[in-house]
Structures are given as C-alpha cells and as structure tokens.
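A.B. asks: Would you mind keeping the following structure in view while I ask a few things?
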Amino acid sequence: MAAPKLKMRLGDLLVHEHIITNEQLMQALNSQKTTGRKLGDTLIELSYLSERQLLEFLAQQLDLPFLDISQRRIPTESANLLSEVHARRLRALIIEDKGDSVIVGMSDPADLNAIDQLEKILSPKRLEFAVVMDSQMFDAFDGLYRRTADIESFASQLEEEYEQSSSFDLSTSFIDETGDATVGKLLQSVFEDAVQMRASDIHIEPDESQLRIRQRIDGVLQESILKESKIASAMVLRLKLMAGLDISEKRIPQDGRFHLQISGHSIDVRMSTMPVQYGESVVMRLLDQSAGLLSFDQTGMPDEFVKRIRHQITRPHGMVLVTGPTGSGKTTTLYAALSELNVASKKIITVEDPVEYRLPRINQVQVNPKIGLTFSTVLRTALRQDPDIMMVGEMRDKETVEIGLRGALTGHLVLSTLHTNDAITSALRLIDMGAVGFLVGSSLRAIIAQRLVRRVCENCEEEYQPESQELLWLTNLAGDRVNTTKFVHGRGCQSCQYTGYKGRIGVFELLEMNEPMMSALKRDDSEAFTRLSKENPTFTPLALAAFDYAAQGITTVEEVLRLVETVDVV
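All residue numbers in the sequence shown are consecutive under UniProt numbering, ending with 570.
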C-alpha cells in the first residue's frame, strides 16, 4: 500500500478548515522551534485542539479509518508481529492480522520514515493503515507487551540448565555462572512486568508441581503459573543475596530490602521470606521512589476534608492517628502530612519499621528489635532530642502508646498509625491496649480512617443498574438518595486489561474530637463516646464516603459493597 500523504502542510490545512487560527499556528510554530516537538503535539500541548480532534481530522484528510482501540480486543499474537522496541519507537501497533495483510494503527500516519521501516519489518505482508490515539496506543502497549513470554522462556531455560548439571540442587548449584545469568534475567523480567502493570506487590509461592507468581494490581491479586516448580529455590536464593539475607537459613522468616532501577523507575523493594511446605514463600512490596510523594491534594481527598486535616496537623500539640488495615494507604497519608510540615523551623523525628521514603531535613530512625532499638526505646530518646513533631510508624504496644500520648500532652505533635477498622473504634482500641482513658481523652485530637477503592476505567464505563439485593444494601446505607443516583461500572477494555477498573482512590473518614467526646473518653464511657462520635455533624462514615464516590461515577457499587463488608455501617 502506498504511504498516505497530505496535500498541504498540516498547519495550513488546520487553518484552512478553521480548526485553529493563523495566530495560533504562528504561536505553535514559534514554540516548536524551542521544543523540537512535532507540530501536532505542540498544538495539543497548547490546548488549541484535542488529540482526538487532530487525529480524526488527519484520518479524514488521508482517507483512513479512525479507530477507537480502547474498546477493541487486540490479539496478542497480532501485536507481537511487531516487537515492542519497534512498536514504541515507530509509534505503531498491529491491530489485526489478516493473513497476507495487517492493519497497522499509527498516531502519525504521515510519518513516511516510520512507514518505510514498517514495510521492511513486516514484509511480505501488505500494510493497511488506521489512525489511533497515542494515549490509547501506549495503554495497549503496556497490556499487550507484557513480560509473560520472557518469564516462561527464562524459567524453562533455567530448569534445563540445572537438569544438565551434575548437581540438581538448585540452591547449591547456583554458583554456576550460566544459571546465575539466567535467573537474573528471569527476575529482571518479573520486576519489569510488575512495574509495567503498576503492581504494588509481587508474591512468589512454590507448590508441589508448579510455581505461582502473583501481582497485586489495584489491590487485587492476579496470578501467573509456571510449571517449572524446581526453579523456585534458585529465585529465592538470588533474591536473598540481593536483600543481604542469610542464604543458609531456610527455617525461619527473614526480612530485607534492596534497590532496583527498572524501566526508568527507581524502585525500593521490601522483601519478606517465610518457610512453607514446598520451600520458601517470598513477598516483595514495590515502592516507586521516582514517583515522588503525594500531597493531600493528590490523594483524592475532597477539598473540605483536606482543609480540616491541615487544621489538625498544624496544631502545636496533640495526637493525630491514621488507621486502617494493611495496604489501605496509611503510609501515603502520613508522608503527605510530613511533606507539608517539613519546614526549616520545625524539628521532625520519625520512628519507622521500615523507613519507606527518605525525606530531607527529617531525622528518620529505623527500629531494630534485635539490638533493643524498639519503638518505645527510640521514642523515649526522641523526646529528649527537642522535637516539634514526631511520627511513630505504628502504635504496637501499651508502652509505645503511653509514651506517644504523653509526648502529645507535653507540647509535641504526634502522628501515628493503628490497625483498626474505623475511626471510632481506634480511640477505644488505645484504651484496650492499656492506655489510661484520661490520657487518651486529653491527648487525642483527630483520627483519620481510610480504605482504597478501585476507580472505574474511564475508557469503558457505562451505566449500571444495581440488582435487588444491592439496592437493599445501598438503601440501608444512603436512604432515598439511591433512587436519584445513576451508577456506572466498566465493561472491560484493552486499557484496563478487561477488569473494568484502572487505578485506585482513597476513601476517608475524619473524626475530630470535641469536648463532650473527650470527656467521655476521660471517664472510660465507651458507649457515650460512640454515640457522640456518630452524632458529630462533621463526621461522615467510610461507607457513606464510598457511596458518594459511586454517586459521582468514580467507583462502582461492587466496590462500595466490598468496603461495607469491612466496616460497621450503623
């Protein structure tokens, strides 16, 4: 097929068709001289037209179809006719293989150099071109060019190498240079795939006849299975070496960390091993340091909510707790608070296990119980270091709780986390842990409880009518509001890997202490405290906050009900 050509220059065409003005074209051309970017990209960046507007116009001028590939299922085998390197470099995607011809999607089908290279690479197939959006194409790249094939190939190669060796014990024959290189490539592919899929955790789990590699993506585990179960010990050994763990010890759990540079991302890996029936299970938490810390404005918190939190963390003393189960985003919220408080006039000390993000100017202490460096020990010393603000990674025991509360009572702002289901039970949990009610009532200022819910994929969202049982739950939660609310869900598309969800957002509740609530705590009256908390006019329960997101089309009924199962709705 002959390469499509424009009859006029793109800028002149856009002006001729009154899509942009001549002045806008001149401004874009001047900007292009300094940035070196293509004219189309410059026009979009300057907001003179949208990407879709530009590409639909291009498609019309070149007499090519414009395809919305976010709604299209593209076969992996078709996409793989063009390697990922060539696809990303040439900004081209094989959408369909017709046998003797292929449909090639491009965001710039007038790029003659790219078309020439595609014809050489894909010869003898005939090329049929279509115009697709850059943003949709790069979303498709992440899903279609996963490292699954590489992982399976390296796993098979690693097992073959050790079967041919004289000693088949992978954990001891690991010193072989060939095997070392292969297991390194295998792990590199595992990490690259996890980063590409935005996974927060990687689980490596050996079984009797297979090896499971699972990734937690948007809070939900997705599983890949390798039949080469015997390579697990080599993978675990290599990871232990990277984390500086004892490779000779397999009978007890170990924790460590290491750092990686993967696909332009700076990744800190927190690693935990645990002996299981068929070897050692490994779980790795991936912390993307290159992404930077989120501010309150970037966490998804409503503006009024952010205003109230800022008021609480800028008070000169008192305790502010962030609560929720593991993986609910407590650390992100705490670091967002520390980022705002981190000024030259404030002395900040943190006591953490482990230190997840390194922050300038802040004195961060990593606890180490093996040498007696516990939360309570460090906290005692920290109080003698003249701090203005202290952050305690977790309130784990009575001693830590009491020291933290006394610090809050004696002129310090104390931030900490607690593993509880909601804000109201958190204050009562401190008393259950042995803290005196008078101390809790005098020191505690606010409690933030939070969860993460999945966002509806914007590319494939559609209206959703809840089932009768779901309507019953929702009516119990939000009353008559349900009757006037339109809900959505994602039907699944290439962009979201056909899950209907893409990304997550925090759901928050903020319980601010007032005098009646503090008095109830001081006299250990848990019933009065619970009642007064629920009557507090500024308090919105987690479940209702999640319903608000569903009503706005941010999340789904399914996610609301999943959250409702974990909290007290009443």
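Every residue gets a Cβ at the ideal spot worked out from N, C-alpha and C, and that includes glycine.
(1) Considering only C-alpha positions, which residue in the set H311, R212, I204 is nearest to M273?
(2) Distance, Cα to Cα, K346 vs M390?
(3) Is it right to say I371 is buried, meaning 16 or more other beta carbons lie within 10 angstroms of its own, or is it exposed?
(4) Are the CB atoms of A478 and F547 within a distance shorter than 8 angstroms?
(5) Ends of the beta strand (DSSP E) at F529?
(6) Around the C-beta of G264, are 16 or more other C-beta atoms found within 10 angstroms, so that it is buried, or is it exposed?
(7) Tell me, please, which residues DSSP counts as bridged to S266.
(8) Going by DSSP, which residues form a beta bridge with Y278?
(9) Tell me the start and end of each unbroken alpha helix (DSSP H) in the stretch 48–94 that is at least 4 residues and wholly inside, in chain order.
(10) Which value, in whole angstroms, describes the spacing of the CA atoms of V283 and S200?
(11) Which same chain residues, not among the five before or five after V567, have their C-beta less than 6 angstroms away from its C-beta?
(12) Helix, strand or coil for A520 per DSSP?
(13) Check I389 in the structure and name its three-state DSSP category.
(14) Pick out whichever of E467, T323, E223, L409 has its Cα sitting closest to the Cα of V507.
(15) Put E160 into one of helix, strand or coil per three-state DSSP.
(16) Tell me which residue opens and which closes the alpha helix (DSSP H) that S426 is part of.
(17) Closest by CA to I94, which one among T21, V132, L241?
(18) Please classify V220: is it buried, with 16 or more other beta-carbons within 10 angstroms of its beta-carbon, or exposed?
(19) If I measure Cβ to Cβ from Y501 and keep anything under 7 angstroms in the same chain, skipping five residues before and after, which residues do I get?
(20) Could you please give the first and the last residue of the uninterrupted beta strand (DSSP E) stretch that includes N363?
(21) Could you work out which residue in L260, S281, D150, D142 is closest to L211 when comparing CA atoms only?
(22) With which residues is H489 paired in a DSSP beta bridge?
(23) Taking all protein chains shown into account, do 16 or more other C-beta atoms lie within 10 angstroms of the C-beta of I554, making it buried, or fewer, making it exposed?
(24) May I have the straight-line CA-CA distance separating D388 from L413, to the nearest angstrom?
(25) Among L58, L294, V195, H311, whose alpha-carbon lies nearest the alpha-carbon of T333?
(26) For K230, is the classification buried or exposed, using 16 other Cβ atoms within 10 angstroms of its Cβ as the cut-off for buried?
(27) So, under 8 angstroms CB-CB, V195 and I267 are touching, yes? Tell me the CB distance rounded to an integer number of Å.
(28) What's the gap between the Cα of T178 and the Cα of L418?
(29) What is the DSSP secondary structure of D224, reduced to helix, strand or coil?
(30) Taking only three categories from DSSP, how would you classify E208?
(31) Name the two residues that bound the continuous beta strand (DSSP E) containing S416.
(32) State the Cα-Cα distance for the pair L239 and D193, rounded to the nearest angstrom.
(33) Could you give the distance in angstroms between the alpha-carbon of T35 and the alpha-carbon of R396?
(34) How big is the Cα-Cα spacing for Y549 and P537?
(35) In the stretch 286–331, which residue ranges form an unbroken alpha helix (DSSP H) of at least 4 residues, counting only runs that do not cross its ends?
(36) So does the stretch 109–120 actually touch the stretch 136–148, counting three or more Cβ pairs closer than 8 angstroms?
C.D. replies: In brief:
(1) This sequence places Thr at residue 273; Met is not what is there. Nearest Cα to T273 within the set H311, R212, I204: I204.
(2) Going from the Cα of K346 to the Cα of M390 covers about 10 angstroms.
(3) The residue in question, I371, is exposed, as its Cβ has fewer than 16 Cβ neighbours within 10 Å.
(4) Judged by their CB atoms, F547 and A478 are nearer to each other than the 8 angstroms cut-off.
(5) First-last for F529: 526–535, but that is the alpha helix (DSSP H), not the beta strand (DSSP E).
(6) Label assigned to G264: exposed.
(7) According to DSSP, S266 bridges with Q261.
(8) Here Y278 is not bridged, per DSSP, to any residue.
(9) Correct list: 51–62, 76–79, 84–90.
(10) Looking at the two C-alpha atoms, the distance is approximately 11 angstroms.
(11) Spatial neighbours of V567 in its own chain (CB-CB distance under 6 angstroms, excluding positions within 5 residues in sequence) are listed in chain order as N421, D422, L542, A543.
(12) A520: helix per DSSP, three-state reduction.
(13) In the three-state DSSP reduction, I389 falls in the strand class (E or B).
(14) It is T323 whose Cα lies nearest to the Cα of V507.
(15) Secondary structure at E160: helix, using DSSP grouped into helix, strand and coil.
(16) From DSSP, the alpha helix (DSSP H) with S426 extends over 423–432.
(17) Relative to I94, the option among T21, V132, L241 whose CA is nearest is V132.
(18) Burial call: exposed.
(19) Answer for Y501: D218, R454, R455, V456, C457, G490, listed in chain order.
(20) Counting along the chain, N363 sits inside the beta strand (DSSP E) bounded by residues 363–366.
(21) Out of L260, S281, D150, D142, S281 has the C-alpha closest to the C-alpha of L211.
(22) H489 is bridged to E462.
(23) Within a 10 Å sphere around the beta-carbon of I554 sit 16 or more other beta-carbons, which makes this residue buried.
(24) Their Cα atoms are separated by approximately 6 angstroms.
(25) Measuring from the Cα of T333, the nearest candidate turns out to be L294.
(26) Result: buried.
(27) Contact holds; Cβ gap of about 7 angstroms.
(28) Summary for T178: the model assigns pLDDT 47, below 50, so the residue's position carries little reliability; its value from the coordinates is reported in the next sentence. Taking the straight line joining both Cα atoms gives about 47 angstroms.
(29) Just to set this straight, residue 224 is Ser in the shown sequence, not Asp. S224: strand per DSSP, three-state reduction.
(30) In this structure, E208 counts as coil in the three-state DSSP scheme.
(31) Where S416 is concerned, the enclosing beta strand (DSSP E) stretches over 413–418.
(32) Spanning the alpha carbons of L239 and D193 requires a straight line of approximately 17 angstroms.
(33) Cα-Cα distance, rounded: 53 angstroms.
(34) Taking the straight line joining both Cα atoms gives about 20 angstroms.
(35) Qualifying alpha helix (DSSP H) stretches, in chain order: 303–313.
(36) As far as the Cβ criterion goes, the stretch 109–120 does not touch the stretch 136–148, which means the pair count is below three.
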